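Residue numbers (this note's numbering): 72 to 274.
We treat Cβ as the ideally placed atom computed from N, Cα and C, and that holds for glycine.
What you are looking at is a predicted structure, and each value in this text was computed from that prediction instead of being measured.
This report concerns only the one structure given below.
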Amino acid sequence: MLATLLVGLAVATMIALGFWQLGRARERDAGKQQMVAHSRLPVVEYPYGDGDREDLMFRRLSATCDAVNSWEVRGGEAVDGRSGWRHIATCISQSNHAIFKVDMGISSAPDARPAWTGGSVVGRAVHAPDTRGIVGGALRRKVARPLMIVSETPAPGLSPSRQPDPSEETNSSWSYAGQWFLFALTALVIYVIALRRRWRESA
């Protein structure tokens, strides 16, 4: 009786998680459609005073980088599909003292030194890289991440980075839902087989 109760609770929990993932999958599909719509809207100015606005994700933004404070290097992909190193500038806007990041292009070597000291940029908005690291991201609560512009025009000596495309975003919640339902079915089948074996042995 206890084993049956435990298996029943486990199966019910797995089914509940499956339906929860189905709900998340529908929400994420709706969010994806909204992001695709955003990517087709006209270009707007970067929100210097509110640089973490989710409603501007994948939208084309324009900004002026009055000065480059620093550079960081991350893995990335050029418009022609080549893998390389993204060179991300931390920019300063002198008019409102805002700080924002711009992906200024791809190089084949991480130690390249872009010859770019600022100027006007236009490109799609994505989240800036998360600098907390794997451990920090796992231990800390979810925080708002600022937007980063992926510049359509690269810095001198760099190749343009591939512009983010929301239509290519994957929705893993559908597969997670299927996995939970499969786990529930597997647990039931295994338990039924175990019961039949016990009945045969006791007969």
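Per DSSP, the bridge partner or partners of residue i
i	result
Gly228	Bridge partners of Gly228: none, in fact.
Met219	Lys172 and Val197
Ile177	Arg157 and Ser230
Ile163	Ala138 and Ile170
Arg131	Arg195
Glu272	BP columns for Glu272 are empty, so no partner.
Glu148	Ser154
Gly190	Cys136
Glu143	Ile159
Val115	Leu132
Selection from the options that minimises the alpha carbon distance to residue i
i	options	result
Gly194	Ser178, Pro237, Asp123 and Ser222	Ser222
Trp156	Ala180, Ile163, Met175 and Ser164	Ala180
Glu143	Val192, Met175 and Ser246	Met175
Ala248	Arg111, Trp91, Met219 and Arg124	Trp91
Ser178	Phe171, Ala186 and Lys172	Ala186
Gly79	Trp270, Arg271, Ala258 and Phe129	Ala258
Asp170	Asp151, Thr135 and Gly152	Here residue 170 turns out to be Ile, not Asp, going by the sequence shown. Out of Asp151, Thr135 and Gly152, Thr135 has the C-alpha closest to the C-alpha of Ile170.
Ser110	Ser164, Glu240, Pro231 and Arg153	Glu240
Glu125	Glu272, Pro231, Ala255 and Met219	Met219
Gln234	Phe254, His198, Ala101 and Asp123	His198
Ala87	Pro237, Arg145 and Trp251	Trp251
Ser238	Ile163, Gln105, Pro118 and Arg97	Gln105
Gln165	Gly152, Tyr119, Arg131 and Pro200	Tyr119
Asp355	Asn242, Ala265 and Ser230	Look at the range of the chain in this structure, 72 to 274, and you will see that residue 355 is not part of it.
Pro227	Val260, Arg184 and Val115	Arg184
Val114	Arg130, Asp123 and Gly94	Arg130
Arg153	Ser232, Asp100 and Ala101	Ser232
Ser244	Leu76, Ala96 and Thr75	Ala96
Lys103	Gly89, Asp236 and Leu77	Asp236
N- and C-terminal bounds of the beta strand (DSSP E) containing residue i
i	result
Glu239	That residue, Glu239, is in no beta strand (DSSP E); it is neither H nor E in DSSP.
Residue span of the alpha helix (DSSP H) that contains residue i, given as start and end
i	result
Leu73	Leu73 to Ser110
8 angstroms contact criterion, which residue i and residue j should meet: CB distance rounded
i	j	result
Thr138	Gly189	At residue 138 the sequence reads Ala, which differs from the Thr that was named. Confirmed, Cβ separation roughly 5 angstroms.
Ala196	Leu127	5 angstroms
Arg216	Asp123	6 angstroms
Val82	Ala255	5 angstroms
Ile163	Arg145	The Cβ separation is near 20 angstroms, so there is no contact.
Ser133	Thr161	Not confirmed; about 18 angstroms, so no contact.
heavy atom of the ligand PLP below 8 angstroms from residue i C-beta
i	result
Gly94	Questions concerning the ligand PLP fall outside what the structure shown contains, since it holds no ligand whatsoever.
Test: residue i CB closer than 9 angstroms to a CB of chain C
i	result
Ala183	This model lacks chain C altogether; it includes just one protein chain.
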